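Residue numbers (my numbering), protein chains in the order written: chain A, 660 to 801; chain B, 40 to 540; chain C, 57 to 465.
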């Protein structure tokens, strides 16, 4: 299965992935519009910044995802392709997934449901990898 | 010293309606121009520090940024131009020599643009390179007078060492120090994939790059940095650098702050010490002295490597080249005054040296006249901007060209001419790890390969158009060129007729 | 092969999934005394609050039983396990044969021996959907509600009820709320927040008797109620195993493959004891994730696989009125207090290991902490100062990070 992989040696800490991710999930066609709306769209990844190291962390789509096992409502699921996704209508925001995710890649949502990387399922091209200027984020089979 | 007498050069224009305050401009500007004003919730910019490198413009996800010339004009004066005045203000401020980077930007004539290429019509057919074989491979090195074979048809003549290139294009000398490790890696990997050579410059060769040896030209310059027998043997050829087009007659100076652990190791000098390349080689005062160095290097490498002597294009370049051709060197590289540099005194860059087109034409003619043209190959450098420049160079007599600035542009350089600041936002002319990162060699090398492939296609198209199917048949074939808008003296030096003749 | 599972909640569903990773076709029979399609117990307070509709209560998609080829006997109570005949006997007299049996019977509310409580009016418990439905029936806008027990269930019930009625009083014998997961300071922090919503607390006190609509507390204070919710704790349902001669302490004893001491009988979920890797003790960890993972391991082993469960530890993620908290591990060893005005944070270290933590308010990425406890990562392998700042992958060395984010490439 193709996944998002991150190479910290290539990451510039430009945060474009964060913005493109948020935009991709904003439901808007225009980036300016997406970010000028009242509630700014939320990214599904976290950027860590050290002294001279930066990298983006998003869902690793584990083969045996603890978040899916631990989810108290059944909202967190894994599809046939192996993608871990959340049915936001069933998520009550208890954050048990945040408690168990070893990568810290589940993000508390502004609304009740949590947010996580869905590999941009609709477009099939994860926006973070598509728009990384330095191939620090790639979407590939390994 | 009181007030600043000159206005900023550039203005950062931000369309606040489009700006989403993602701060990518702020994070990516090594000159620290952009910042976020929390109180007003807007991004702001300090124009005075902008060098117009276009990094922010390129990365801005909403195209909210634009850099323009700062629209402020001194009172018009054809003699006292704004630029001339600003330079005086700067020097009055600092008392120092003005420093610049990259090639001569002054609007002197560009002879490439005054030369036109021929094409076949009716009487001799043009060739379609997609259907018929077309040779762009070249061999650099001295060619024997004649070839002798034994009775079995085997070659008896011992050939001098050659470098074989798949394309008549090499990457010119740029030291590790002046450009980043990632830039070097991009060049090395591209050279390997393309079957050509890149050049170490005077920075020595990092251990990790020995594996690209057969695609590497190792340089020996006046500072002799990083030179040892392993280094000499590592490359496909050895280049003695006598001069550089951007700053003929001048040495080099890599400031101590750029000499980090890695650079120190490859240059074989202490960390933090200035790397000063003297203006002359202190052991070379004549062609005879040069010959000694040429043969020392040949001796050190058991006569297996061609020796290149690189000089800047200066007034009496033809006579100098003639001397070099007799020094035992295998290849002459001539660098015109538009050749790039990581740092040069502005006055030297802008006023010293001559155009490569004229230098090439006169050197080729001189060597022919003296009957020694085959003793040596000719490589030219100093602002080759496209494949047409290459075709013209070859028709004027070059065997191959070096490209430096074009290669860097392929890597992202926007020729902002601020290399000397060490804060290259594109990760090319810098040693700052956070900036070096910005050039991903995986991307960089691919872009270089793409560029050269594209140029190779175009060269083949132009050759085919002329009804020629090999670089070798174009070499020195000045009948394929015509001048346009040139005076008789220029036409004579270039050895071409005027268009229409 | 015939699998029988007694239970229909997290452990049971985990078991079905575990079995189906290995055995795709054998029959699985789920027997539960609750009549519902598998639903999520922790959701009952959200349901009470009106935040989760009936159709979102279900723990799995409606095709779960079909897809996993499960037969269900719902609303049926298993009375006995007949070990010799390898069958379970149901309260209607019928029997179901098994080759492998899972007991996932969960727990029942504990009703303390308080004078007059057992025959008092309007007394409710709050553990399953039906009990929540009963509470919802009984509560009106002007009801006075008293909740006995300031634990997770009591407080979650309070939060749910708060949407319906205003007068809520919580009584607990302990000196603090959430005694099972928080220390005193942390509990005070949370209590202050819940108190702002108008919920009243009577701590370090307990009911001594109930008469009419009045509860008399040991302190002498009297509380009048319209609805009394008993949420002082639960007791694991161990009867079936005990009666069959299986080993039972406080909960059902299993090995790390979830096998009980009875041949062919496994147990998982709130009815069992787990081995807490943080303290090295066997204890009941009545937590949904734990139940699911135990069930899954049981299923795998029942189907002939070989997998052990050795990562059990106390952990909780819960929120009250918008204030979230996450805790995990053991609150013992050297305590590092990192609380500030708006967030509460404590970390516990012992023997060069990260042992446990409490986060209240800022809980982002807490799972990185949990994983360090779970993996028993030696603290000298990571940047402990960064770790104290926040959970982040920067605490690991480059190689470990590369493994996590780039698949080791």
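By construction, the Cβ of each residue, glycine as well, lies at the ideal position given by its N, Cα and C atoms. All of these numbers come straight from a predicted model, not from anything done at the bench.
Using the three-state DSSP reduction, which class does residue i fall into: helix, strand or coil?
i              : result
residue 457(B) : coil
residue 248(B) : helix
residue 241(C) : helix
residue 72(B)  : coil
residue 258(B) : strand
residue 338(B) : helix
residue 429(B) : helix
residue 165(C) : strand
residue 247(C) : helix
residue 145(B) : coil
residue 353(B) : coil
residue 255(C) : coil
residue 404(B) : helix
residue 523(B) : coil
residue 95(C)  : strand
residue 123(B) : helix
residue 89(B)  : coil
residue 96(B)  : helix
Where do the N-terminal and C-terminal ends of the beta strand (DSSP E) with residue i fall, by residue?
i              : result
residue 126(C) : 126-130
residue 155(B) : 154-156
residue 87(C)  : 83-88
residue 276(B) : 276-280
residue 178(B) : 177-179
residue 156(C) : 156-159
residue 283(C) : 283-286
residue 82(B)  : 81-84
Should residue i and residue j be called a contact, given that it needs their Cβ atoms to be closer than 8 Å?
i              : j              : result
residue 459(B) : residue 214(B) : no
residue 64(C)  : residue 94(C)  : yes
residue 215(C) : residue 112(C) : no
residue 196(B) : residue 244(B) : no
residue 157(B) : residue 519(B) : yes
residue 630(A) : residue 679(A) : Past the boundaries of the shown model lies residue 630(A); chain A is included only from 660 to 801, so the question cannot be answered.
residue 374(B) : residue 416(B) : no
residue 281(B) : residue 350(B) : yes
residue 340(C) : residue 307(C) : yes
Am I right that residue i and residue j are in contact with their C-beta atoms under 8 Å? What's the rounded C-beta distance?
i              : j              : result
residue 179(B) : residue 438(B) : 6 Å
residue 360(C) : residue 66(C)  : 23 Å between Cβ atoms; not a contact.
residue 712(A) : residue 443(C) : Contact flag wrong, Cβ pair sits at about 16 Å.
residue 340(B) : residue 271(B) : 5 Å
residue 431(B) : residue 173(B) : Not a contact, Cβ separation roughly 18 Å.
residue 298(B) : residue 311(B) : 6 Å
residue 314(B) : residue 264(B) : 6 Å
residue 220(C) : residue 195(C) : 5 Å
residue 333(B) : residue 279(B) : 7 Å
residue 397(B) : residue 436(B) : Not really, about 12 Å apart at Cβ, beyond 8 Å.
residue 212(B) : residue 258(B) : 5 Å
Got a sec, what are the start and stop residues for the alpha helix (DSSP H) residue i sits in?
i              : result
residue 787(A) : 786-789
residue 70(C)  : 66-78
residue 192(C) : 185-194
residue 325(B) : Segment: none, residue 325(B) is in no alpha helix (DSSP H) and carries neither H nor E.
residue 459(C) : 454-462
residue 150(B) : Where residue 150(B) is concerned, there is no enclosing alpha helix (DSSP H), given that its DSSP letter is neither H nor E.
residue 147(C) : Neither: residue 147(C) is in no alpha helix (DSSP H) and is coded neither H nor E.
Those runs of the beta strand (DSSP E) which lie wholly inside the stretch 317-403 of chain C and span at least 3 residues: DSSP runs (the beta strand (DSSP E)) wholly in the stretch 317-403 of chain C: 321-323, 330-332, 337-339, 371-376, 379-385 and 390-393.
Every unbroken alpha helix (DSSP H) within the stretch 465-516 of chain B, with a cutoff of 4 residues, ordered by chain: Runs found: 472-475, 480-504 and 510-513.
Alpha helix (DSSP H) segments (min. 4 residues) lying fully within the stretch 285-312 of chain B: Within the stretch 285-312 of chain B, the complete alpha helix (DSSP H) segments of 4 residues or longer fall at 300-306, listed in chain order.
Beta strand (DSSP E) runs wholly inside the stretch 206-241 of chain C, at least 3 long, in chain order: Complete beta strand (DSSP E) runs here, min 3: 223-228.
Whole alpha helix (DSSP H) elements within the stretch 707-792 of chain A, 4-residue minimum: The qualifying runs are 725-729, 755-759 and 786-789.
Every unbroken alpha helix (DSSP H) inside the stretch 401-439 of chain C [4 residues or more]: Taking only runs of at least 4 residues, the alpha helix (DSSP H) segments lying wholly in the stretch 401-439 of chain C are 422-430.
Continuous beta strand (DSSP E) assignments of at least 3 residues falling wholly in the stretch 208-252 of chain B: You should have 208-210.
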